[in-house]
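In our numbering, the protein residues as written are 2 to 234. Backbone N, C-alpha and C fix where the C-beta goes; we use that ideal spot for every residue, glycine too. First comes the structure, then the notes that go with it.
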């Protein structure tokens, strides 16, 4: 997700960089159509703001993915659920752009349109935002957007695997009760009155287990931290 987010940020920068010249390119395309050129007067405010709106949406999507990537790496279960939702929305936007503009980039969703009438009929002008940008942008943006869609689909599959369940909700191994001496040897201590760990203790113990699994804690550090948390061996 981090790689996809960085690509989204680069796409947002590219769209914003070409925003100043975008209205002129729209005017040229409008003049080449059968629509009355005077229709550009009403279209100009939209054409001036549209690239910045598309860049802003792309940047927000990138920041959301960066936050979700950090949350998933930390093992937060809520981050896993929100990641599925955010990726679903991103893929939906990508499919819409691919079918309507031929590119799955977020900028493919944005478009401008105008129409005019005269005695011979009604004329319509319609153009997706990437069509007014240089071919190099369309090829690079579209190619990366396709890669991003495939990468996000892989992320969805990985987050749904059983191994992901064990990562986000690790099984807590119960601590064996201490043995007590009795006539002739040792017997397990009665556990009927043993205190159950609180929800906060369970949450902290889950975090310790994940840190131990990732190698952030040695066996000795993990055992010591668990004993300190649960108040027992």
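Practice task
Tell me residue 115's beta-bridge partners as DSSP assigns them.
Solution key: Residue 115 is bridged by DSSP to 126.
Practice task
Could you please give the first and the last residue of the uninterrupted alpha helix (DSSP H) stretch that includes residue 36?
Solution key: Boundaries for residue 36: no alpha helix (DSSP H) harbours it, and the DSSP string shows neither H nor E there.
Problem - Length of the line joining the Cα atoms of residue 75 and residue 45 - result: Residue 75 and residue 45: Cα-Cα distance of roughly 46 Å.
Handout entry: Rounded separation between residue 161 and residue 88 - CA only
Key = Each residue's alpha carbon lies about 13 Å from the other.
Exercise for the section: Could you pull the start and end residues of the alpha helix (DSSP H) that residue 198 belongs to? Expected result: Bounds of any alpha helix (DSSP H) do not take in residue 198, whose DSSP letter is neither H nor E.
Practice task
Report the three-state DSSP secondary structure of residue 150 (helix, strand or coil).
Solution key: It is helical.
Handout entry: 8 Å contact criterion, which residue 106 and residue 12 should meet: CB distance rounded
Key = Taking the Cβ atoms as the reference, residue 106 lies roughly 6 Å from residue 12, within the contact range of under 8 Å.
Problem - Of the residues 228, 209, 99, the one placed nearest residue 145, counting alpha carbons only - result: Closest by alpha carbon: 99.
Handout entry: Start and end residues, alpha helix (DSSP H) containing residue 217
Key = It is not in any alpha helix (DSSP H) - residue 217 carries neither H nor E in the DSSP assignment.
Problem - Limits of the alpha helix (DSSP H) - the one that residue 41 falls within - result: For residue 41, the uninterrupted alpha helix (DSSP H) run begins and ends at 41-74, by DSSP.
Problem - DSSP three-state assignment for residue 135, whether helix, strand or coil - result: Coil at residue 135, not helix or strand.
Problem - residue 239 versus residue 209: straight-line alpha-carbon distance, rounded - result: One cannot answer for residue 239 here, as it falls past the ends of the chain, which runs 2 to 234.
Practice task
Can you say whether residue 38 is buried or exposed, counting buried as having 16 or more other CB atoms within 10 angstroms of its CB?
Solution key: Around the CB of residue 38, fewer than 16 other CB atoms lie within 10 Å, so the residue is classed as exposed.
Problem - Local Cβ density within 10 Å of residue 4, reported as buried at 16 or more and exposed below that - result: Exposed is the label assigned to residue 4, since fewer than 16 other Cβ atoms lie within 10 Å of its Cβ.
Handout entry: Rounded straight-line distance, which links the Cα of residue 85 to that of residue 230
Key = Pairing residue 230 with residue 85, the inter-Cα distance amounts to about 33 Å.
Handout entry: Start and end residues, alpha helix (DSSP H) containing residue 11
Key = Note, residue 11: alpha helix (DSSP H), 3-18.
Practice task
Determine the burial state of residue 73: buried for a count of at least 16 other Cβ atoms within 10 Å of its Cβ, exposed for fewer.
Solution key: With 16 or more other Cβ atoms within 10 Å, it is buried.
Exercise for the section: Evaluate contact between the segment 8-26 and the segment 125-138, counting only Cβ atoms and requiring at least three cross-stretch pairs below 8 Å. Expected result: Segments in contact, yes.
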